[in-house]
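Below is one structure, written out as structure tokens, with a few remarks after it.
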Amino acid sequence: MNEWSTENLHGDYAQSLRVGKMLYDSETEHQRLRLFENDTFGRVLTLDNVVQTTEGDNFIYHEMMAHVPILAHGMVRRVLIIGGGDGGMARTVLDHASVAHVTMVEIDESVVAFSREYLPNLSRGAFDDPRLKLVIGDGADFLKTTEDRFDIVIVDSTDPVGPGEVLFTETFYGHARRALSPGGILVTQNGVPFLQGEELTNTMRAFRALFADWGCYLATIPTYAGGPMAFGWGTDGKSRDVSLQHLRERFATAALKTDYYTPEVHKAAFALPGYVRRLMPAD
2 MNEWSTENLH
12 GDYAQSLRVG
22 KMLYDSETEH
32 QRLRLFENDT
42 FGRVLTLDNV
52 VQTTEGDNFI
62 YHEMMAHVPI
72 LAHGMVRRVL
82 IIGGGDGGMA
92 RTVLDHASVA
102 HVTMVEIDES
112 VVAFSREYLP
122 NLSRGAFDDP
132 RLKLVIGDGA
142 DFLKTTEDRF
152 DIVIVDSTDP
162 VGPGEVLFTE
172 TFYGHARRAL
182 SPGGILVTQN
192 GVPFLQGEEL
202 TNTMRAFRAL
212 FADWGCYLAT
222 IPTYAGGPMA
232 FGWGTDGKSR
242 DVSLQHLRER
252 FATAALKTDY
262 YTPEVHKAAF
272 ALPGYVRRLM
282 PAD
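Numbered by the numbering used here, the letters in the sequence shown go through residues 2 to 284 in order.
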């Protein structure tokens, strides 16, 4: 077979992955869901032909979105995940034995059912963990009405098109801030700054108005092509300033087995190259 799956998310740039074997191809209520095998990345999940996750490199995204805020905070008990239907983010958060409760809000129930059957290596039993509460619904609506408070809010969203568009608005971020407990941290998926600079700038403009400490950090994920990916960071606490020594101690106590995250990578991820720094709104 010589079929290729081509992602045309950006106007002047595309990436293609060879389809070794198509395992699933179906239209859900919200989007087109496809799963295929690739010799380098294993099973690859796409929504509307945009890569969402792969067995091969998902660990980078999940470790950096989960471990950075949790270990920076140091006393996380309650976590909210918006999106993340494949279960990989929930699994990574639940790797922290100190986390007592995780609420996960996913708009598309079929993605959860699909991922449990076809991508069990990502969730690795997370959906059956008694600490996880799965809510099928709109994440924006959930944040608008919830009275619960969380130490960490992780927005594991698709790009700002279709169902994910509402998760990149100033109103949504304001509701997310309201759901944080004192000293809580909001982290967001903010695309590839080299190709999606406006998306990052708009989010940072909203964060600047909402949080005492705002910014982003970076990680390079091969199938999120076009350069390093940005993760938005917003908090009213001092957790970004945690020392390397404290991170090392917390990492050792958590006894995490990681393939990308280290305390040193954690600290370095906040060092931004010039072109990303210039995307930050002026103080």
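Ideal Cβ placement from N, Cα and C applies to all residues, glycine included. All values derive from a computational prediction rather than experimental measurement.
Using a 10 angstroms sphere on the CB of N50, the tally of other CB atoms stays under 16, which defines it as exposed.
About 7 Å separates the beta carbon of A231 from that of G192, a gap short enough to meet the 8 Å contact definition.
Annotation note: the segment 194-273 contains the following uninterrupted beta strand (DSSP E) runs of length 3 or greater, listed N- to C-terminal: 214-220 and 230-236. Burial of T189 is indicated by the presence of at least 16 other C-beta atoms within 10 angstroms of its C-beta. Using a Cβ distance threshold of 9 Å, L72 and P194 do not count as a contacting pair. When the beta-carbon positions are compared, M90 and H63 come within less than 9 Å of each other.
In this structure, the beta-carbon distance from V154 to L123 does not fall below 9 Å. Following the DSSP letters along the chain, one finds R19 inside the beta strand (DSSP E) bounded by residues Y14 to V20. Remark: C-beta atoms of I82 and V52 do not approach each other more closely than 9 Å. Y262 sits close to M65, with the two beta carbons spaced by under 9 Å.
Boundaries of the alpha helix (DSSP H) harbouring P70: N59 to H74, taken from the DSSP string. Comparing alpha carbon positions, the residue from L273, D242 and P264 closest to C217 is L273.
By the neighbour-count criterion, in which 16 or more other beta carbons inside 10 Å mark a residue as buried, Q246 falls on the exposed side. Rounded to the nearest whole angstrom, the C-alpha separation of D157 and T7 is 23 Å.
For G84, the uninterrupted beta strand (DSSP E) run begins and ends at R79 to G84, by DSSP. For V52, the beta-bridge partners assigned by DSSP are T47.
In terms of Cβ geometry, A213 and T236 form a close pair [threshold 9 Å]. DSSP places L133 within a strand segment (E or B) once states are collapsed to three. In this structure, DSSP gives N9 an extended state, which the three-state scheme calls strand.
For L95, same chain residues with a beta-carbon under 8 Å away, outside a window of 5 residues either side, are V103, A127, D130, R132 and L133 in chain order.
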